[in-house]
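Student: Below is one structure. I have some questions about it.
Numbering (my numbering), first residue to last: 2 to 63.
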């Protein structure tokens, strides 16, 4: 991506996040954090770990 494309992507994400509730924003941050924690794992294992952790965290929010 070029710098211009990167900036356009950042702008789009910022616009999307403006309309997101604080609870949804927290869930998004948790998903990103879990993805970062699991980057070293195999794709299938990482996907299952993230899915399981998000269910636990989402249950705590709802």
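Quick reminder that beta carbons are idealized off the backbone N, C-alpha and C, glycines included.
If residue 36 sits next to residue 56, beta carbons under 8 Å apart, how far is it from one beta carbon to the other, in whole angstroms?
Tutor: The count along the chain shown starts at 1 and reaches residue 36 at position 35. The count along the chain shown starts at 1 and reaches residue 56 at position 55. Rounded, the Cβ-Cβ distance is 15 Å, inconsistent with contact.
Student: Just verifying my parser: in three-state terms, what is the DSSP assignment at residue 3?
Tutor: As a working mapping, residue 3 is identified with position 2 in the chain shown. Three-state DSSP puts residue 3 in coil, outside helix and strand.
Student: In the DSSP assignment, the alpha helix (DSSP H) including residue 21 goes from what residue to what residue?
Tutor: Here residue 21 corresponds to residue number 20 of the chain shown, with the count starting at 1. No alpha helix (DSSP H) contains residue 21, which DSSP labels as neither H nor E.
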